[in-house]
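Enquirer:
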Amino acid sequence: MKAVLSALLILTFGVLSVSADEYLADRRWLASPDNRHLLTFSGDNPSLPDAFAIQDLHGKTLFSSRDCPDLRDVLTYEPQHARWSSDGLVLAVAAGHPKFLLTYIFARRGDTFVAVPVPSLADGYDNPWILPTEWLKDRTLRVTISGPHAGKAHDGGYHGEAKLQVTLDPPKCTKTFERIK
Numbered sequence: 001m002k003a004v005l006s007a008l009l010i011l012t013f014g015v016l017s018v019s020a021d022e023y024l025a026d027r028r029w030l031a032s033p034d035n036r037h038l039l040t041f042s043g044d045n046p047s048l049p050d051a052f053a054i055q056d057l058h059g060k061t062l063f064s065s066r067d068c069p070d071l072r073d074v075l076t077y078e079p080q081h082a083r084w085s086s087d088g089l090v091l092a093v094a095a096g097h098p099k100f101l102l103t104y105i106f107a108r109r110g111d112t113f114v115a116v117p118v119p120s121l122a123d124g125y126d127n128p129w130i131l132p133t134e135w136l137k138d139r140t141l142r143v144t145i146s147g148p149h150a151g152k153a154h155d156g157g158y159h160g161e162a163k164l165q166v167t168l169d170p171p172k173c174t175k176t177f178e179r180i181k
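First residue of the sequence shown? That's 1 in the working numbering, and the numbers climb one at a time after it.
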């Protein structure tokens with residue numbers, strides 16, 4: 001019965017997940033496009049969640065941010081900046097601190113999701129926000145880069161973009177393009 005209810009909830013969430021990005025900030029979940037996975041956020045403050053989990057159709061946790069040493073220093077996750085790849089096998093999430101946000105990538109591997117190291121972006125730039133914006137073909141993720149976000153912006157700060165290509169076997173992320181002005 002629990003499996004049936006979980007599947008119905010995921011399908012319902014999938015239908016509702018086509019809403020505009022501005023509504024994602026208040027959400028606590030995001031279904032993958034194929035409705036096989038569900039990203040759920042948790043924490044005391046609904047608009048600034050401090051943890052997330054990826055679950056399957058049956059509610060089984062495939063990844064938990066609380067169990068990942070690479071995410072130990074993350075204070076908040078940004079639901080409005082979470083993006084599933086079109087096949088639902090890769091997830092990109094913006095996370096960090098209010099003045100410094102990075103994109104983290106998680107890929108399906110076997111029966112679980114794993115954190116995929118992301119190449120360094122915006123080297124030498126102060127307090128960047130590196131946000132996932134859209135998945136392109138061939139599991140290529142476009143991210144926007146802006147900053148600084150700590151009250152030090154001069155002349156409008158800096159803006160740019162980068163493209164990251166993700167492979168699944170083995171899970172790997174490669175920077176294919178970066179431009180910052």
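Even glycine gets a Cβ: it sits at the ideal position worked out from N, Cα and C. Quick caveat: nothing in here was measured; it's all calculated off a predicted structure.
1) For the beta strand (DSSP E) that S64 lies in, which residues bound it at each end?
2) Check whether the segment 25-40 and the segment 79-89 touch, using three or more Cβ-Cβ pairs below 8 Å as the test.
3) Within 10 angstroms of its Cβ, does S120 collect 16 or more other Cβ (buried), or is it exposed?
4) Measuring only the C-alpha atoms, how far is D123 from P117?
5) Please report the residue range of the beta strand (DSSP E) in which P171 lies.
6) Under a Cβ-count criterion, where at least 16 other Cβ atoms within 10 Å of its own Cβ denotes burial, should P49 be classed as buried or exposed?
7) So, helix, strand or coil for L71, using DSSP?
8) Suppose the cutoff is 7 Å on Cβ atoms and the five residues either side in sequence are ignored; what does the same chain contact list for W135 look like?
9) State the Cα-Cα distance for the pair P148 and A51, rounded to the nearest angstrom.
Expert: The structure says:
1) S64 -> beta strand (DSSP E) spans 61-64.
2) The segment 25-40, when compared against the segment 79-89, does touch it at the 8 Å Cβ threshold.
3) Label assigned to S120: exposed.
4) Straight across, the Cα-Cα distance linking D123 with P117 is about 16 Å.
5) Here the beta strand (DSSP E) through P171 covers 171-180.
6) With 16 or more neighbouring CB atoms inside 10 Å of its own CB, P49 falls in the buried class.
7) The answer is helix: DSSP assigns L71 an H, G or I state.
8) These residues qualify, in order along the chain: R83, S85, S86, L141.
9) Straight-line Cα distance between these residues: approximately 25 Å.
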